[in-house]
Amino acid sequence: MAAEAAIGPAQTIMRELPGEFKNWVSTLKISNSTKPLANILSNESKFVNFNYTEFLETVYGIPKKNIWYIHGDRRDKNTELILGHAPEAQFKEEIDLHKSKSKGLKIKNQTEYDLSETARYGLAGYYDATTKKSADVIEDNKDKFKNFRYIEDVVVIGHSLSQVDYPYFKEIIKYNQNSAAMNWHISWYSSGDLKGIKQFVSEMNISNSKVKIFRT
Numbered sequence: 023m024a025a026e027a028a029i030g031p032a033q034t035i036m037r038e039l040p041g042e043f044k045n046w047v048s049t050l051k052i053s054n055s056t057k058p059l060a061n062i063l064s065n066e067s068k069f070v071n072f073n074y075t076e077f078l079e080t081v082y083g084i085p086k087k088n089i090w091y092i093h094g095d096r097r098d099k100n101t102e103l104i105l106g107h108a109p110e111a112q113f114k115e116e117i118d119l120h121k122s123k124s125k126g127l128k129i130k131n132q133t134e135y136d137l138s139e140t141a142r143y144g145l146a147g148y149y150d151a152t153t154k155k156s157a158d159v160i161e162d163n164k165d166k167f168k169n170f171r172y173i174e175d176v177v178v179i180g181h182s183l184s185q186v187d188y189p190y191f192k193e194i195i196k197y198n199q200n201s202a203a204m205n206w207h208i209s210w211y212s213s214g215d216l217k218g219i220k221q222f223v224s225e226m227n228i229s230n231s232k233v234k235i236f237r238t
């Protein structure tokens, strides 16, 4: 009972978060009073939209057929939005760290040990259920990634370039017929973004000569 009480809040979050998140995203208002990216975006380009909203369509007039809502479209009533907080490996590392630290702990009895393990693995289940399943998205959308095989220029705007989305970029690079020649144009907003861009370029094995950054 104690273990169930410990993991109860996490289970509640796991059960209710997707629906509540979609409700919240549905309330977001899109303003078309300004179009700061009007000189960058082209109706002929292909787009991968990570942010659930249809701003590319309503603000910039991009045809829906040219947009892939990789984590879901908030207007789609029949599909859950994909959300999460960290790569799948992160919690495994935390589990391993916990095991390492636990070696020096003295468990008074078997019941106490069982409660500890039950709670810990219950929380691991929560992390697993709420993590972005990039591997599943990639497996289900191989044809979409293959459609990027002739892309020569990639423009990244307003993306945090967090490691959770690295697999998608790696997949685009993998299927491109001449990935070494791809030109990358990456936006930045604050000085903190520059560190993320540097890490991203290194992780993707992109030549610095093929990268241009611009401020938004």
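For the sequence shown, the positions run 23 to 238 when our numbering is used.
By construction, the Cβ of each residue, glycine as well, lies at the ideal position given by its N, Cα and C atoms.
Computed from a prediction, not measured in an experiment: that's the story for all the values here.
Collapsing the DSSP output to three states places TYR91 in a strand. With 16 or more other Cβ atoms inside 10 Å of its own Cβ, ASN198 counts as buried. As computed with DSSP, HIS207 is found in a beta bridge with VAL177, LYS234.
In the DSSP assignment, VAL223 falls within the alpha helix (DSSP H) that extends over 213 to 225. The Cβ-Cβ distance between PHE77 and ILE104 does not fall below 8 Å.
In the DSSP assignment, PHE69 falls within the beta strand (DSSP E) that extends over 69 to 71. Residue burial is scored here from C-beta neighbours: SER156 has at least 16 other C-beta atoms within 10 angstroms and is therefore classed as buried. Within the same chain, no Cβ atom closer than 7 Å to the Cβ of LYS196 is found once the five residues on either side in sequence are excluded.
Its chain contains MET204, ASN205, TRP206 as the residues whose beta carbon lies nearer than 7 Å to that of LYS232, once the 5 sequence neighbours on both sides are disregarded; these appear in chain order.
8 Å or more divides the Cβ of PHE69 from the Cβ of HIS181. In this structure PHE236 is exposed. Its beta-carbon is surrounded by fewer than 16 other beta-carbon atoms within 10 angstroms. The C-alpha of ALA60 is placed about 24 Å away from the C-alpha of ASN169. Taken through DSSP and simplified to helix, strand or coil, LEU50 comes out as coil.
DSSP places PHE167 inside the alpha helix (DSSP H), whose first and last residues are 164 to 168. In the DSSP assignment, LEU59 falls outside any alpha helix (DSSP H), carrying neither H nor E. In this model, ASP162 and TYR74 are separated by some 18 Å (Cα to Cα). By the beta-carbon neighbour count (other beta carbons within 10 angstroms, threshold 16), ARG96 is buried.
ILE179 and ASP98 have their alpha carbons spaced roughly 24 Å apart.
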